[in-house]
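These notes concern the structure reproduced below.
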Amino acid sequence: MTIGEAQQQEIELARRLVAGEPGAFERFVELFRNKVFQYSLLMCGHHEDAEEVAQDALFKVFEKLDQLREPERIRPWVFRIARNACLMKRRKSVFAPAQELSLDELMPQAGEDGGQRKLDIADWSNLPEEQALRAELQRVVRQAIEELPENYKTVLILRDIEGLSTAETAEALEVSEEVVKTRLHRARLAVRQKLDWYLRSRRGRQTAERAN
Amino acid sequence: MDPGSHGRESECKRIFALLSEYLDAELPADSCDEIEAHLKDCPPCLEFLESLRKTVELCRGFRPGELPGPLNEAVRRELWERYQRALRARSSAGGAGT
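Residue numbers (the numbering used here), protein chains in the order written: chain A, 1077 to 1288; chain B, 156 to 253.
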């Protein structure tokens, strides 16, 4: 299913939900509880916190459902509630100051190699195909996402994992579309940088193993 | 791409800032043309773009994988009651709000 098809199905489900159609409640709870849980798990980092946030967010969603005039806005509406539930949860635990990612620090350097300009980055042409290595790559992706500053992480999760559009993400986070684009780019660059370090260290290990 | 050793330093830097919007097809056609013309003549920027494209693919394919535990019956009942209240409020107000 494409992102567009998933979006249409979710909007259709929201229409059925507000119309009180049979089965819509159960389907909505199942689908959006899971979505909010996944989002909260990456935002909070703890299974129990994410369960609590997903539950609090759903309570809020049904409490305010009479205020949802446009079912096509269901996704940003639910994720705005989820984000606020995460923030409430965080306020109860640890306060983390906002961090900024600098574009310059995410830009790789280039050097000369045999008279040709070459970037100082890993070889991305052959990413690991074996299942165990793909799983390791997934672990690196998870860690890279979890380590992003909160303002960047929430944008990357909504855009690239949940498949919200730039406009939907801006609405969910109550920021401009320009802010979403800037933060998404920097978040992706930061994840890319961590993956690059991993690929280079892996290549280094392979070279050392071959030499032994 | 590399400030200091490349004559088109500022162009590489400007392109670098736009690569996600380029991948997401969110740039106007003239900006895309400009980026594509640059990429043709700049292998380091092209190589970097590919690494970013693969990063985005990996993020899009990533699923946290864990599922929440089963929904507590008391919580489900409370959600259902709130849902029913919301439906009554919608029908009496004719669906006002957001």
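The beta-carbon is built from N, C-alpha and C at its ideal position, and this holds for glycine as well.
The structure displayed is predicted, hence computed values, not measured ones.
Point to revise | 7 Å Cβ cutoff, M1183(A) in contact with chain B | key: yes
Check your understanding: Counting Cβ pairs closer than 8 Å, one from the segment 1261–1278 of chain A and one from the segment 164–183 of chain B, do we hit at least three?
Key -> yes
Exercise for review: Could you tell me whether any Cβ in chain A is nearer than 7 Å to the Cβ of A180(B)?
Suggested key: no
Review point. Taking all protein chains shown into account, do 16 or more other C-beta atoms lie within 10 angstroms of the C-beta of P225(B), making it buried, or fewer, making it exposed?
Key: exposed
Point to revise | Minimum length 3: unbroken beta strand (DSSP E) runs contained in the segment 1138–1223 of chain A | key: 1186–1189, 1192–1195
**Study point:** Sequence-distant residues of the same chain with beta carbon closer than 7 Å to E189(B), five excluded per side
**Key:** none
Review point. Apart from the five residues just before and just after Q1185(A), which ones in its own chain have a Cβ nearer than 7 Å to its Cβ?
Key: D1196
Check your understanding: So is F1155(A) in contact with chain B if we call contact Cβ pairs under 7 Å?
Key -> no
**Study point:** Option in E1124(A), C1162(A), T1078(A) with minimal Cα separation from E1226(A)
**Key:** C1162(A)
**Study point:** Rounded C-alpha distance that separates K195(B) from E202(B)
**Key:** 11 Å
Check your understanding: Under the rule that 16 or more other beta-carbon atoms within 10 Å means buried, what is R1281(A), buried or exposed?
Key -> exposed
**Study point:** Burial state of T1230(A), where buried means 16 or more other Cβ atoms lie within 10 Å
**Key:** buried
Practice item. Count the other C-beta atoms from every protein chain shown that fall within 10 angstroms of the C-beta of D1189(A), then say buried if there are 16 or more, exposed otherwise. Key: exposed
Practice item. From the DSSP output, in three-state form, read off F217(B) for me. Key: coil
Check your understanding: Is there a Cβ from chain A that is less than 7 Å from the Cβ of E212(B)?
Key -> no
Review point. If we cut at 7 Å on Cβ distances, does A244(B) have a partner in chain A?
Key: yes
Point to revise | Cut-off 7 Å between Cβ atoms - residues of its own chain near E166(B), not counting five sequence neighbours on either side | key: H193
Review point. A229(B) CB to nearest chain A CB: under 7 Å?
Key: no
Practice item. Report the neighbours of F1108(A) on chain B: residues whose CB is nearer than 9 Å to its CB, in chain order. Key: Going along chain B, no residue has its Cβ under 9 Å from F1108(A), so there is no contact; the nearest lies around 11 Å.
Check your understanding: DSSP three-state call for L222(B): helix, strand or coil?
Key -> coil
Check your understanding: When DSSP labels each residue in this structure, what does L1240(A) get in the three-state scheme?
Key -> coil
Exercise for review: Counting only the same chain and skipping the five closest in sequence on each side, list residues whose C-beta sits under 7 Å from that of E1253(A).
Suggested key: T1242, A1243, A1246
Exercise for review: Could you spell out where the alpha helix (DSSP H) holding A1284(A) opens and where it closes?
Suggested key: 1253–1287
**Study point:** Contacting residues, own chain, Cβ-Cβ under 6 Å from K209(B) (five flanking each side not counted)
**Key:** none
Practice item. Over the uninterrupted alpha helix (DSSP H) stretch that includes I190(B), give me the two end residues. Key: 184–196
Check your understanding: Below 7 Å between beta carbons: does that hold for A1130(A) and V1105(A)?
Key -> no
Check your understanding: Taking Cβ-Cβ distances shorter than 8 Å, what residues in chain B pair up with E1244(A)?
Key -> None at all; the shortest Cβ gap to chain B is about 13 Å.
Check your understanding: Under a CB-based cut-off of 7 Å, is W1200(A) close to chain B?
Key -> yes
Point to revise | Cβ-Cβ separation, R1151(A) to Q1324(A) (assumed contact under 8 Å), whole Å | key: Residue numbering for chain A in the displayed model covers 1077 to 1288; residue 1324(A) lies beyond these limits and cannot be assessed.
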